[in-house]
Amino acid sequence: MTTIAFVGAGSVVFTRQLLADILSFPELADVRIALHDIDAARLETAAGIARQAAEQLGVHPSITATLDRRTALEGAQFVINMIQVGGIAATRTDFEIPASFGVRQTIADTLGVGGVFRALRTFPVLRGIAEDMLAVCPDAWLLNYTNPMAMNVWWLSEVAPRLKAVGLCHSVYWTVAGLCDLVGVPLEETDYRAAGVNHQAWLLRWEHRGENLYRRLDERIDADPELRRRVRVDMYRRLGYYPTETSEHSSEYVPWYLHDEREVARLRIPVDAYIGISEENVAEYELMRATLAAGEVVPIEHGATEYAPQVIHSMVTGSTRIIHANVPNRDLIGNLPRGAAVEVPCTVDSLGIHPHRVGALPPQCAALNQAFLAVGELTVRAALEGDPRMVRQAVMMDPNASATLRVDDIWALCDEMTKAHGDLLPESLRA
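First residue of the sequence shown? That's 4 in my numbering, and the numbers climb one at a time after it.
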């Protein structure tokens, strides 16, 4: 029997969607679902959602829930990781302390001050998951959704090189879907390829029946001044390739926008956006929990757009798919650092995940990715070597923080963040 373990299943909004997509495949209707979380109430809610999803779809999977991670992992072929270490309280810290120093952030989960400290509190838990998997399900695939994706995948490749791990994110898919809507072309009729790093990959090819769709996009942008008031469009017009993450995300990864009030206004950048998103997720969880407690039905939502269900289906059935995924750079992108986590097209089949060699990125795109990865490498090395100075150096290299703060302020900010996150951080980095 195929066994799928959910680690961080208390992220019930995402768990509901993934479960619905998985159980919608006839070949996966009788899988074993093992749910794990460290929060008993959230775990109970996730289990209730899973049972309702199965009932609504008319399928009969085996569903278990446990607070013990190793128990959940036993016998798993696939482990879906979606933990958020520290929860919404840590997210608020990631925003509030940098804001007190004058640093604007929008999402703060990938790069910058928020991304660095989210990584540092996530790394120890990832190491524990990897050790448990290698002990009880060494042949299983770890399908990671937890951000910061590029840092987490890089970290796993360093501390658990034997682990079969891949980072999954829907940003490439939804970017292309949105662009196809904009130019009036059905997504399923297009061919596309993107590459770079997670949340800052580049749409290198995008065609419909041999036509380069960038020409249609240019026409839409030229005809609509409001489209030009978005960070991604501004970057595309200047760099020549469309970035594969939202404008909110993209604004944080470059030095050009967030430190300048005029640019924030011109490009309509929603500062501190993720706090509201996080609070909405908490409210949605509370609503689901109350609905279950009242004996009412929580409607499922599925659309088979997330990659994890597709990856599992392809490996179980042998159906071949091409997705975009995050893997160590082993001669995949020639002008990005070897070993760094990169996002490239991958073929998935019964034998696993097979990354495509992309070659060299356009130099302007590689230059931005290199700056992005410099922050990630210093963060990973800080944790590997237990060096608090490298944490500060990582933030010094961050494009947004370095465009906003003096060096002394960056160090003082890191001191405050370290104190606030406390024992969520590796002990060697609490100095």
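Using N, Cα and C, we set each Cβ at its ideal position, and we do this for glycine too.
Please read all numbers here as calculations on a predicted model, not as lab measurements.
- request: Determine the closest residue to N201 out of V347, L166 and Q108, with distance taken between C-alpha atoms.
  value: V347
message: Here's a check: name, in chain order, each residue in its chain whose Cβ is nearer than 7 Å to the Cβ of R219, leaving out the five neighbours to either side.
response: V186
message: In whole angstroms, give me the CA-to-CA distance for C172 and Y310.
response: 7 Å
field: N- and C-terminal bounds of the beta strand (DSSP E) containing S65
entry: S65 to T69
- prompt: DSSP state of I91, grouped into three classes?
  reply: helix
query: Does the stretch 364-382 touch the stretch 230-248, meaning 3 or more C-beta pairs lie closer than 8 Å?
result: yes
message: Quick check for students: name the residue ranges of the alpha helix (DSSP H) that lie wholly in the stretch 260-328, counting only runs of 4 or more.
response: 264-269, 276-296 and 310-320
Three-way DSSP call (helix, strand, coil) for F9 in this model: strand
message: Is the separation between the beta-carbon of I110 and that of E266 shorter than 8 Å?
response: no
query: Going by C-alpha distance, which of D135, A153 and L76 is nearest F375?
result: A153
query: Beta-carbon separation of P402 and P273 under 8 Å?
result: no
message: Checking 8 Å against the spacing of the C-beta atoms, do V169 and Y195 come in under that value?
response: no
- prompt: If we call anything under 8 Å between Cβ atoms a contact, is G504 one with R124?
  reply: The requested residue 504 does not occur in the structure, where the chain is confined to residues 4 to 434.
Buried versus exposed call for T94 [16 or more other C-beta atoms within 10 Å across all chains shown]: buried
task: Check whether the stretch 405-421 touches the stretch 97-115, taking contact to mean three or more Cβ pairs, one atom from each stretch, closer than 8 Å.
output: yes
query: With 16 other CB atoms within 10 Å as the buried threshold, where does T308 fall?
result: exposed
message: Which residues does DSSP list as the beta-bridge partners of T193?
response: H211
field: Cβ-based neighbour list, T320, same chain, cut-off 6 Å, excluding 5 preceding and 5 following
entry: E30
- request: Determine, using beta carbons only, whether T96 and A328 come nearer to each other than 8 Å.
  value: no
query: Which runs of the beta strand (DSSP E) spanning at least 3 residues fall entirely within the stretch 327-407, listed in chain order?
result: 344-352 and 355-358
- request: Decide yes or no for the touch test of the stretch 76-84 against the stretch 134-151: beta carbon pairs closer than 8 Å, at least 3 of them.
  value: yes
- prompt: Exposed or buried, what is L270 when buried is set at 16 or more other beta-carbons lying within 10 Å of its beta-carbon?
  reply: buried
Assumed close pair T18, A49 - CB separation to whole angstroms, cut-off 8 Å: 5 Å
- request: Please determine, among R73, R333 and A79, the residue with the shortest C-alpha to C-alpha distance to S160.
  value: R333
field: Three-state secondary structure (DSSP) of P101
entry: helix
- prompt: Between M4 and D33, what straight-line distance do the alpha-carbon atoms span, to the nearest angstrom?
  reply: 8 Å
message: Below 8 Å, how does it come out for the stretch 285-299 and the stretch 44-61: are there three or more Cβ pairs, yes or no?
response: yes
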